[in-house]
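Enquirer: Quick note: the sequence shown uses numbering that gives the first Met the number 0, first residue 0, plus one each step. Built from N, CA and C at the ideal position, the CB exists for glycine as well. Since the structure is predicted, the reported quantities are computational estimates derived from the model, not experimental observations.
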Amino acid sequence: MSPLVSVITVSYNAARTVAATLDSVRAQTWRPLESVVVDGGSNDGTRDIVARYADIAGSVVSEPDRGIYDAMNKGIALARGEILHFLNADDSFVDDGVVAEAAQVFAADPGLDLVYGDAVYLTPDGPFLRSYGRVTARNLIYGDLCHQVVFARKRVFERFGNFNLDYRINADYDWMLRVFLGGARVRHLPRRMVYFRTGGQHMADAGFTEQERLRVRLSHASPWALRAGMLAYRARRKLRTLRGFPERTPIQP
């Protein structure tokens, strides 16, 4: 039986971009699929645009929230799917086969908990491909993994919990560390999954982002282990780049 996939989109005053996001969800070839939209009480017409996608809508709510992770937690509660994915209101799938490929990997391996792919980052300096390669509990604590490339079974949230609202910007990173360090079974799908538009709070307050990220890391590792591991991680990244396997590759728009 084909698993239902829930694509959760969090929005707030996203009238300029949310249609492109939901168009990319509607275009997915995989069925069954539902779109879950959690809007923070937009007043710019976002809700009217979202209403045009009733054919794929599972749940749509519009109410004030305590931030993006509060909204994402609401989306988890509303989602009916066995497999969950978060696609922000200014991001989109790269093609119509992304969900199908991820869902087929899950269907072939019932014990698999999480699948992740690669992302095309859209930056003011032009797009680049972020190839994550093999992410493990050991290297994730020194690196990162954007949640837009992650598909997870709903049972993973039941086992490891939802996003911790104590973190304003890095709750997704904390959640992934809990999942990876907790022994979840994960697999990399080596394909482009999403167009990820950089910006938002991560870029607006880079200093706070890094301070909070360090706080997350220290909640999962001792200071001395973190320092030693970070040096080794950076050395490995540099060596990979010198060998012709950079994590970030500029691409044509």
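Mind checking whether the beta-carbon of Asn72 lies closer than 8 Å to any heavy atom of the ligand MN?
Expert: Summarising the ligand content, the structure contains no ligands, and the ligand MN is consequently not present.
Enquirer: State the DSSP-derived secondary structure class of Gly96, mapped to helix, strand or coil.
Expert: Position 97 of the sequence shown, counting from 1, holds the residue named residue 96. Looking at Gly96 - three-state DSSP - the assignment turns out to be coil, as it is neither helix nor strand.
Enquirer: Could you check what DSSP says for Val104 in three-state terms: helix, strand or coil?
Expert: One-based indexing of the sequence shown puts residue 104 at position 105. Three-state result, Val104: helix.
Enquirer: Which residues bound the beta strand (DSSP E) around Leu3?
Expert: Along the sequence shown, read from residue 1 onward, the residue named residue 3 stands at position 4. Segment: none, Leu3 is in no beta strand (DSSP E) and carries neither H nor E.
Enquirer: With DSSP collapsed to three states, give me the class of Ser61.
Expert: In the sequence shown, the residue the question calls residue 61 occupies position 62. If DSSP states are grouped into helix, strand and coil, Ser61 belongs with the strands.
Enquirer: Would you kindly check if the distance between the Cβ of Leu176 and the Cβ of Phe150 is under 9 Å?
Expert: Here residue 150 refers to the residue found at position 151 of the sequence shown. Here residue 176 refers to the residue found at position 177 of the sequence shown. Result no, Cβ atoms of Phe150 and Leu176 do not sit closer than 9 Å.
Enquirer: Which one of Thr208, Gly96 and Phe156 has the shortest CA to CA distance from Thr28?
Expert: The count along the sequence shown starts at 1 and reaches residue 28 at position 29. The shortest C-alpha separation from Thr28 is found at Gly96.
Enquirer: Please check the pair Phe162 and Tyr68, which I expect to be a contact at CB under 8 Å, by giving their CB distance rounded to whole angstroms.
Expert: Here residue 162 refers to the residue found at position 163 of the sequence shown. Here residue 68 refers to the residue found at position 69 of the sequence shown. With a Cβ gap of about 4 Å, Phe162 and Tyr68 count as contacting.
Enquirer: Leaving out five residues on either side along the sequence, give the residues of the same chain with a beta carbon under 6 Å from the beta carbon of Leu83.
Expert: As a working mapping, residue 83 is identified with position 84 in the sequence shown. If we look at Leu83 and ignore the five residues flanking it on each side, its Cβ neighbours are Ser5, Ala151 and Lys153.
Enquirer: Does DSSP put Tyr172 in a helix, in a strand, or in coil?
Expert: As a position in the sequence shown, residue 172 is number 173, starting the count at 1. It is helical.
Enquirer: Could you give the first and the last residue of the continuous beta strand (DSSP E) run that contains Thr122?
Expert: The sequence position of residue 122 within the sequence shown is 123, counting from 1. First-last of the beta strand (DSSP E) with Thr122: Leu113 to Thr122.
Enquirer: Confirm, please, whether the CB-CB distance from Asp117 to Arg190 is below 9 Å.
Expert: The residue labelled residue 190 in the question sits at position 191 within the sequence shown. The residue labelled residue 117 in the question sits at position 118 within the sequence shown. Result yes, Cβ atoms of Arg190 and Asp117 sit closer than 9 Å.
Enquirer: Excluding the five sequence neighbours on either side, which residues of its own chain have a C-beta within less than 7 Å of the C-beta of Ile48, listed in chain order?
Expert: The residue you call residue 48 lines up with position 49 of the sequence shown. For Ile48, where only same-chain residues beyond five positions count, the Cβ hits under 7 Å are Ala14, Val17 and Ala18.
Enquirer: Helix, strand or coil for Gly74? Go by DSSP, reduced to three states.
Expert: Taking the first residue of the sequence shown as 1, we reach residue 74 at position 75. Helix.
Enquirer: What does the alpha-carbon distance come out to for the pair Arg24 and Ile55?
Expert: One-based indexing of the sequence shown puts residue 24 at position 25. One-based indexing of the sequence shown puts residue 55 at position 56. Sequence inspection shows Val at residue 24; the Arg mentioned does not correspond to that position. Using only the alpha carbons, I get a separation of about 8 Å.
Enquirer: Can you look up Val178 in the DSSP assignment and give me helix, strand or coil?
Expert: Position 179 of the sequence shown, counted from the first residue, corresponds to residue 178. Helix, per DSSP.
Enquirer: List the residues that DSSP assigns as beta-bridge partners of Arg264.
Expert: Outside the displayed range of the chain (0 to 252) lies residue 264, so it cannot be described from this structure.
Enquirer: Determine contact between the segment 123-137 and the segment 69-76, defined as no fewer than three beta-carbon pairs at a distance below 8 Å.
Expert: As far as the Cβ criterion goes, the segment 123-137 does not touch the segment 69-76, which means the pair count is below three.
Enquirer: Give the DSSP-derived three-state secondary structure of Glu157 in the structure shown.
Expert: Locating residue 157 in the sequence shown gives position 158, counting from the first residue. Reduced to three states, the DSSP call for Glu157 is helix.
Enquirer: Should Val193 and Leu111 be called a contact, given that it needs their Cβ atoms to be closer than 9 Å?
Expert: Here the question's residue 193 lines up with position 194 in the sequence shown. Here the question's residue 111 lines up with position 112 in the sequence shown. In this structure, Leu111 does not lie closer than 9 Å to Val193 by Cβ.
Enquirer: Between which two residues does the alpha helix (DSSP H) harbouring Leu139 extend?
Expert: Taking the first residue of the sequence shown as 1, we reach residue 139 at position 140. Here the alpha helix (DSSP H) through Leu139 covers Ala136 to Leu139.
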